[in-house]
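K.L.:
Going by my numbering, the sequence shown opens with residue 3, and the numbers climb by one from there. Dropping a structure here in C-alpha cells format, bear with me for questions.
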Amino acid sequence: MRTLLDTQVPAPAGGAMPDISKFLATIRQRFSLSEHEGDLIASHLQEVVELKAGDYLVREGQKVGYSSLILEGFAARFKETAAGERQIMEVQIPGDFVDLHSYPLEVLDHSIAALTPCKIARLPHRALTQLIEDHPRFARILWFATMVDASMHREWLLNIGTRNGMARIAHLMCEVYSRSEVVGLTDEGTFRFPLSQTQIGECLGYTQMHVNRMLKKLRQSGLVAGSGQVIEILDWDGLKELGEFDPAYLYLAGREG
3 MRTLLDTQVP
13 APAGGAMPDI
23 SKFLATIRQR
33 FSLSEHEGDL
43 IASHLQEVVE
53 LKAGDYLVRE
63 GQKVGYSSLI
73 LEGFAARFKE
83 TAAGERQIME
93 VQIPGDFVDL
103 HSYPLEVLDH
113 SIAALTPCKI
123 ARLPHRALTQ
133 LIEDHPRFAR
143 ILWFATMVDA
153 SMHREWLLNI
163 GTRNGMARIA
173 HLMCEVYSRS
183 EVVGLTDEGT
193 FRFPLSQTQI
203 GECLGYTQMH
213 VNRMLKKLRQ
223 SGLVAGSGQV
233 IEILDWDGLK
243 ELGEFDPAYL
253 YLAGREG
C-alpha cells in the first residue's frame, strides 16, 4: 500500500484545484490533516458547478454518482409531503459535504437544494472509491462526517420535539453561528443566517407568522439584533442558555487522527 508521502497529487480534470479550505477547517477540528492530504482530496474533485437559489443539488429518488461539497453559499436538506409541505432537516454551510451517504446508498430518500446562490464541487464516486482504497484513513475521516450529520439530525428532533417558542430559534441560531465560526464566516458575533421566515418555520415546525413574532421577541430581549439574513448576537451566553445549546453534538473538539 502506498503511503501519503509517496503519493503524487494528481492534476484535477478541470484544471486548477478548487479551494476546499472551509471543508479542511472543519475536518481539522477533529483530525490532524496535512496540506498534502488536503491537496489529495481537492485533486479528486472533478467538476465545479454554480447554482441559483432554489436549484436542486440532488432530488429525492435521484440516482447519484457523485457527492457535493459546498464551496460557497448555503443549502438545505429536506423532505416534502405529497401536498408540497416541506420539512427542512439540516442547514448546509460552506465546507459541508452534503451527501456523502449517497456513496453507499446511490439513491437518496430526501432532497437538497440551494438556499442562496451556491458554488459546489463534485466528487465522483468512482474517484472516491480510488481515494479511500489508496488511502484508507480518508474513509474514517469522511465516515466521521456522515456520523456528525446523524448526530445533528438527533439534535434537531430534540429541538423540535421538546423546546418551545424562542428556544427553538435560539438553538438554530447558535448552531449556524458555531459552525460558521469554524469556517471563518463570523465577525465579532455577526453572521449570515440565510433563512427566510418561512424557511425558519420549515426548520422548526412553525408558521411564518409565529416565526415573525418569535424573532421580534428575540430582538426585544436584547439577545440578538439585525433583520433579514444578517444577525448580530449581543449576548452569546444568554442565547445559548435560552436554546439549551451544547455544541458537543457537532464534534468540533480535536481528535487523534
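Every residue gets a Cβ at the ideal spot worked out from N, C-alpha and C, and that includes glycine. Owing to the predicted nature of the structure, the values given are computational and were not obtained by experimental measurement.
Using 10 angstroms around the beta-carbon of Ala-84, count the other beta-carbons present and answer buried if the total reaches 16, otherwise exposed.
P.N.:
Flag for Ala-84 reads exposed.
K.L.:
Specify whether the segment 124-139 and the segment 230-242 touch according to this definition: at least 3 beta carbon pairs, one from each stretch, less than 8 Å apart.
P.N.:
With the cut-off at 8 Å, the segment 124-139 and the segment 230-242 do not touch.
K.L.:
Buried or exposed: where does Ser-1 fall if 16 or more other Cβ atoms within 10 Å of its Cβ makes it buried?
P.N.:
In the structure as shown, the chain begins at 3 and stops at 259. Residue 1 is therefore absent and cannot be evaluated.
K.L.:
Work out the CA separation of Asn-161 and Asp-21 for me, nearest whole Å.
P.N.:
When rounded, the distance between both Cα atoms is 34 Å.
K.L.:
So for Asp-57, helix, strand or coil by DSSP?
P.N.:
Residue state, collapsed to three classes: coil.
K.L.:
The beta strand (DSSP E) with Phe-79 in it runs from where to where?
P.N.:
In the sequence on display, residue 79 carries Arg and not Phe. It spans 77-82 - the beta strand (DSSP E) in which Arg-79 sits, taken as one unbroken run.
K.L.:
According to the Cβ coordinates, are Glu-157 and Tyr-253 closer than 7 Å?
P.N.:
No, Cβ-Cβ distance for Glu-157 and Tyr-253 is not below 7 Å.
K.L.:
Curious, which full-length beta strand (DSSP E) runs of at least 3 residues does the segment 96-128 contain?
P.N.:
113-116 and 120-126, all fully within the segment 96-128.
K.L.:
Under 7 Å between the Cβ atoms of Met-211 and Ile-171?
P.N.:
Cβ atoms of Met-211 and Ile-171: not closer than 7 Å.
K.L.:
Does Asp-239 come within less than 7 Å of chain B when only Cβ atoms are used?
P.N.:
Judged by its chain identifiers, the structure shown contains no chain B, having just a single protein chain.
K.L.:
Pick helix, strand or coil for Ile-22, following the three-state DSSP scheme.
P.N.:
Looking at Ile-22 - three-state DSSP - the assignment turns out to be coil, as it is neither helix nor strand.
K.L.:
What did DSSP end up calling Phe-193 once you bin it into helix, strand or coil?
P.N.:
The answer is strand: DSSP assigns Phe-193 an E or B state.
K.L.:
So, helix, strand or coil for Val-50, using DSSP?
P.N.:
Looking at Val-50 - three-state DSSP - the assignment turns out to be strand.
K.L.:
State buried or exposed for Pro-106, treating a residue as buried only when at least 16 other CB atoms are found within 10 Å of its CB.
P.N.:
Label assigned to Pro-106: exposed.
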